[in-house]
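First the structure, in the form of structure tokens, and then the observations on it.
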Amino acid sequence: MRARLADAGWAEVDGAEGADVVVVNTCTVTARADQEARQLVRSLARRSPSARIVVTGCYAQRAPGEVAAIDGVSLVLGVADDGVGMPGDYASNVKGSLGWRLVKAFADQLGAWVRVTADRGTQVEIGFRPEG
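Written out as structure tokens, the structure reads:
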């Protein structure tokens, strides 16, 4: 995202003060993460009231109306797969990554399974094994 903005002529500045646009890339793993994102956006709006605040990431995708209602938000950008999906070897390529190992460890702790498919859009599924 940073590289694409730079390619489009935008310059990065230190801190929100004096920025024309502030991009907040959110996560929505927990309700606490949502709360922290809302607090950050409100803080940025107070520190840089003339800046346009753009919120993106999984919180923006999961709850765009909720995000748009936060004071100071100018634009909400969700992220969605266009249905093309990832390359056919994507699932096997990620299995050694730190992110994959963390997801797998978390799923193992919960007694769940994880599956990544790349047909008709990329999907990551986490499911629970039947008890007994």
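Under our numbering, the first residue of the sequence shown is numbered 2, with each subsequent residue one higher. Yeah, the Cβ is synthetic: ideal placement off N, Cα and C, and Gly gets one too.
Q. Among G58, S75, A106, P65, which one has its Cα closest to the Cα of L45?
A. Looking from the CA of L45, the closest CA among G58, S75, A106, P65 belongs to S75.
Q. Any idea if T27 is buried or exposed, counting beta-carbon neighbours within 10 angstroms, 16 or more meaning buried?
A. T27 comes out buried.
(Q) Taking the beta carbon of S49 as the centre, do at least 16 other beta carbons fall within 10 Å, making it buried, or is it exposed? (A) Counting the other Cβ atoms within 10 Å of the Cβ of S49 gives 16 or more, which makes it buried.
**Q.** Sufficient close CB pairs (3 or more, under 8 Å) joining the stretch 99-110 to the stretch 55-64
**A.** Contact between the stretch 99-110 and the stretch 55-64 is absent, because fewer than three Cβ pairs lie under 8 Å.
Q: Following the continuous alpha helix (DSSP H) through G176, name the residue where it begins and the one where it ends.
A: With the chain covering only 2 through 133, there is no way to say anything about residue 176.
(Q) If you measure between the beta carbons of V14 and R53, is that distance less than 7 Å? (A) Result no, Cβ atoms of V14 and R53 do not sit closer than 7 Å.
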